[in-house]
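As given, the protein sequences belong to chains G and F, one line each in that order. Mapping of the first sequence onto the numbering used here: residues 1333 to 1441, in sequence order. Mapping of the second sequence onto the numbering used here: residues 508 to 641, in sequence order. All residues carry an ideal CB built from backbone N, CA and C; glycine is no exception. Since the structure is predicted, the reported quantities are computational estimates derived from the model, not experimental observations.
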Amino acid sequence: MSAKGTSSFIAMRASSVLLLPLAAWFVWSVAKHGLADYETARDWAARPRNAGLGALFIALSAFHMRIGLQEVIEDYVHDGFKGGLAALNWIAAIAVAIAGGFAAWRLAF
Amino acid sequence: MAKPIGAAADRPLSPHLQIWRWTPTMAASILHRATGLALYAGAALLAGWFAALAIGPKVFSPAADFLASPFGLVILFGFAWSLFFHSLNGLRHLYWDSGRGLRPKTALMTSWLVFAASLIGAAALFAPILIGWS
Chain G
1333 MSAKGTSSFI AMRASSVLLL PLAAWFVWSV AKHGLADYET ARDWAARPRN AGLGALFIAL
1393 SAFHMRIGLQ EVIEDYVHDG FKGGLAALNW IAAIAVAIAG GFAAWRLAF
Chain F
508 MAKPIGAAAD RPLSPHLQIW RWTPTMAASI LHRATGLALY AGAALLAGWF AALAIGPKVF
568 SPAADFLASP FGLVILFGFA WSLFFHSLNG LRHLYWDSGR GLRPKTALMT SWLVFAASLI
628 GAAALFAPIL IGWS
């Protein structure tokens, strides 16, 4: 068990407050466009505002979900596997954030 | 952590899931964690969608076709409902963090509210897609 209770608590809530409006924006965008074809989706994502908000939504989600899964790991996983799973959790979260950010950057510029 | 030899077996276990009578508040608590895990996959899916879009139509179109298939739509509906549920129940958690809404009656009412609103939200988001699809 890592002694990071307070900082995790604050990081979880701070990111959740920022994620709520981003989730609302995402849902609104999906409602507006539905299942878009390539051209429509590309036109939408090439606008810097959409690319930026999309990348931010993904990056903050990665930050938030890493802490959440870490809590689940600490609750259910035996000591021998904890370190390895925590490392995989970090790698997966960083990969998601980088993929989203890099794709958004390529799309917008 | 080292365990004293032979000590673990004799201790009584706490009652497990099937012992408890299910309550809406308990279900909401479990579903908050379950939808959180689902959204982990959802975030990866969204990042993959962006990446496919950036790479080009050769990667994007087959992925989009799969997501528009019945199986893909089930995944997307699960993603959408999870996002609605986790966001709304997260709002409930933030309200609790302010020290309010913790009376059993209030917590019960807000759990029903979150179930209903998340289902309505996901259904409303999907209705136009399903009408366009069939």
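List the residues of chain G that residue i touches, going by C-beta distances under 8 Å, in chain order.
i                 : result
Leu574 of chain F : Leu1367
Leu632 of chain F : Val1359, Val1362 and Ala1363
Gly585 of chain F : By Cβ distance, chain G contributes nothing, its closest Cβ being about 14 Å from Gly585 of chain F, past 8 Å.
Using the C-alpha atoms, what's the distance from residue j back to residue i?
i                  : j                  : result
Ala634 of chain F  : Leu590 of chain F  : 17 Å
Ala558 of chain F  : Ala1394 of chain G : 15 Å
Glu1406 of chain G : Lys1414 of chain G : 7 Å
Ala1435 of chain G : Ser536 of chain F  : 35 Å
Gly597 of chain F  : Ala548 of chain F  : 18 Å
Val1359 of chain G : Leu632 of chain F  : 8 Å
Met616 of chain F  : Arg607 of chain F  : 13 Å
Given the structure, does residue i come close to the ligand SAH, in the sense that its CB is under 8 Å from one of the ligand's heavy atoms?
i                 : result
Pro635 of chain F : You won't find the ligand SAH in this model; it holds no ligand whatsoever.
Given residue i, which residues of its chain have a CB within under 8 Å of its CB, disregarding the five upstream and five downstream residues?
i                  : result
Met1333 of chain G : Residue confidence for Met1333 of chain G is low, a pLDDT of 48 falling below 50, so the modelled location carries little weight; the figure read from the coordinates is stated next. Only Glu1406 meet the Cβ criterion.
Give the interface partners of residue i over in chain G, defined as CB-CB distance under 9 Å, in chain order.
i                 : result
Ser594 of chain F : Ser1348, Leu1351, Leu1352, Ala1355, Ala1356 and Val1359
Ala570 of chain F : By Cβ distance, chain G contributes nothing, its closest Cβ being about 10 Å from Ala570 of chain F, past 9 Å.
List the residues of chain F that residue i touches, going by C-beta distances under 9 Å, in chain order.
i                  : result
Phe1343 of chain G : Checking the sequence shown, residue 1343 of chain G turns out to be Ala, not Phe. Ordered by position in chain F, no residue passes the 9 Å Cβ test against Ala1343 of chain G, which lies about 14 Å from the chain.
Gly1337 of chain G : Under the 9 Å cutoff, chain F gives no residues; its nearest Cβ is about 14 Å from Gly1337 of chain G.
Excluding the five sequence neighbours on either side, which residues of its own chain have a C-beta within less than 6 Å of the C-beta of residue i, listed in chain order?
i                  : result
Ala1425 of chain G : Ala1394 and Arg1398
Thr1338 of chain G : none
Ala614 of chain F  : Thr532
Tyr1408 of chain G : none
Leu595 of chain F  : Val621, Ala624 and Ser625
Ile1390 of chain G : Gly1432
Please list, in chain order, all residues of the same chain as residue i whose beta carbon is under 7 Å from its beta carbon, the five residues on each side excluded.
i                 : result
Phe592 of chain F : Leu538, Thr542, Val621 and Ser625
Trp619 of chain F : Pro531
Let me check understanding here. Comparing Cα to Cα, which of the options lies closest to residue i?
i                  : options                                       : result
Phe586 of chain F  : F:Ala551, F:Thr530, F:Ala570 and F:Ala535     : F:Ala551
Lys565 of chain F  : G:Tyr1370, G:Leu1385, G:Glu1403 and G:Ser1348 : G:Tyr1370
Gly1432 of chain G : F:His523, F:Met533 and F:Leu553               : F:Leu553
Ser568 of chain F  : G:Ala1383, G:Val1409, G:Asn1382 and G:Leu1367 : G:Leu1367
Pro611 of chain F  : F:Arg518, F:Thr532 and F:Ile526               : F:Thr532
Val1428 of chain G : F:Asp604, F:Gly555 and F:Phe573               : F:Gly555
Leu1388 of chain G : G:Leu1351, G:Ala1363 and G:Leu1417            : G:Leu1351
Original post:
Taking Cβ-Cβ distances below 7 Å as the criterion, which residues of the region 1389-1420 of chain G are in contact with chain F?
Top reply: Ile1390, Ser1393, Ala1394, Met1397, Gly1400, Leu1401, Val1404 and Asp1411
Original post:
Of the residues that make up the region 1372-1391 of chain G, which ones have a beta carbon closer than 7 Å to any beta carbon in chain F?
Top reply: Ala1373, Arg1374, Ala1377, Gly1386 and Ile1390
Original post:
Between the region 534-559 of chain F and chain G, which residues of the former have CB atoms less than 9 Å from a CB of the latter, in chain order?
Top reply: Arg540, Gly543, Leu544, Leu546, Tyr547, Gly549, Ala550, Ala551, Leu553, Ala554, Gly555, Trp556, Phe557, Ala558 and Ala559
Subject >> Members of the region 588-615 of chain F that neighbour chain G once the beta carbon cut-off is set at 9 Å >> reply: Leu590, Phe591, His593, Ser594, Gly597, Leu598, His600, Leu601 and Asp604
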